[in-house]
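See below for the structure under consideration.
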Amino acid sequence: MMRNDSADLMQQESEVNHSRRGLFRALSRGVSQSVETPEAGKINVGRPLGAVEESLFTHLCDSCSACVSACPQNILAIGSNGPVMDLSCNHCTFCQACIHACPTQALNTLNTTDTGWRPTFSKSCNAKIFDNCQECVDDCPKQALSLIANSTPILNDDCNGCGECLSSCYIGAVS
């Protein structure tokens, strides 16, 4: 009997919280994040431009923050495991200032054409809902996005992970 009660309690806790507190928490996260899974709200997208393979990166990088200080776009921050990109307010211009500032070679010039980040588009995208927005498509410097009526943007192989689409989306539907 106790096993069923605890299973029911766990199921109730995993369901959406419809209390007043739950409502305000959902509203504070924003519309797109409350509709999508919690992971969709993450904007912390990975390592800086030029990062070596992850196991080598964690060995070489000493989290000195030289790359963070050097970035003119202010898209780098020190996370719990070293520097990470945060494209929520700006995009990568591939200037390589972070690479040149790195004293340990955790960032190097072997990969300077792609950050590795790729956008995902939420169900709250205006292009999908209202068929009246193409800000991300227009702002993409590589023309890596295209639109079909009432659909989220389609990404092609030309994407270099700059994040311009994310910073151009005024409703936060790109993550």
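Residues 1 to 175 in full-length UniProt numbering are what the sequence shown lists, from first letter to last. Backbone N, C-alpha and C define an ideal beta-carbon position, used for all residues, glycine too.
Based on the DSSP secondary-structure assignment, which residues constitute the bridge partners of residue i?
i: L76; result: M85
i: G46; result: M85
i: V68; result: Beta-bridge pairing links V68 to no other residue.
i: F121; result: V174
i: S146; result: I154
i: A51; result: L107
Going along the chain, which residues of its own chain have a beta-carbon closer than 6 Å to the beta-carbon of residue i, five neighbours each way excluded?
i: V114; result: Per the sequence shown, residue 114 should be read as Asp rather than Val. Closer than 6 Å at Cβ, skipping near neighbours: N160 and G161.
i: Y170; result: none
i: L110; result: none
i: N156; result: A144
Could you round the C-beta distance between residue i and residue j to whole angstroms and report it? I think they count as a contact, below 8 Å.
i: E164; j: D139; result: 5 Å
i: V52; j: N108; result: 6 Å
i: residue 190; j: S175; result: Lying outside 1 to 175, the shown extent of the chain, residue 190 is not represented and no answer is given.
Got a sec? Which residues, its chain only, sit under 8 Å from residue i by beta carbon, not counting five neighbours each side?
i: C92; result: L49, Q73, I75, M85, T115, G161, C162 and G163
i: L60; result: V52, T104, Q105 and A106
i: L147; result: A127, Q134, V137, P153 and I154
i: D158; result: K142, Q143 and A144
Leaving out the 5 sequence neighbours to the left and right, which residues in its chain are closer than 7 Å to residue i when beta-carbon positions are compared?
i: A97; result: A70, C71 and P72
i: N90; result: Q73, N74, I75 and S167
i: A66; result: A101, C102 and P103
Could you tell me whether the stretch 55 to 74 touches the stretch 98 to 106, using the rule of 3 or more Cβ pairs below 8 Å?
-> They touch, by the three-pair rule.
Sufficient close CB pairs (3 or more, under 8 Å) joining the stretch 82 to 92 to the stretch 121 to 132 = Under the Cβ criterion (8 Å, minimum of three pairs), the stretch 82 to 92 does not count as touching the stretch 121 to 132.
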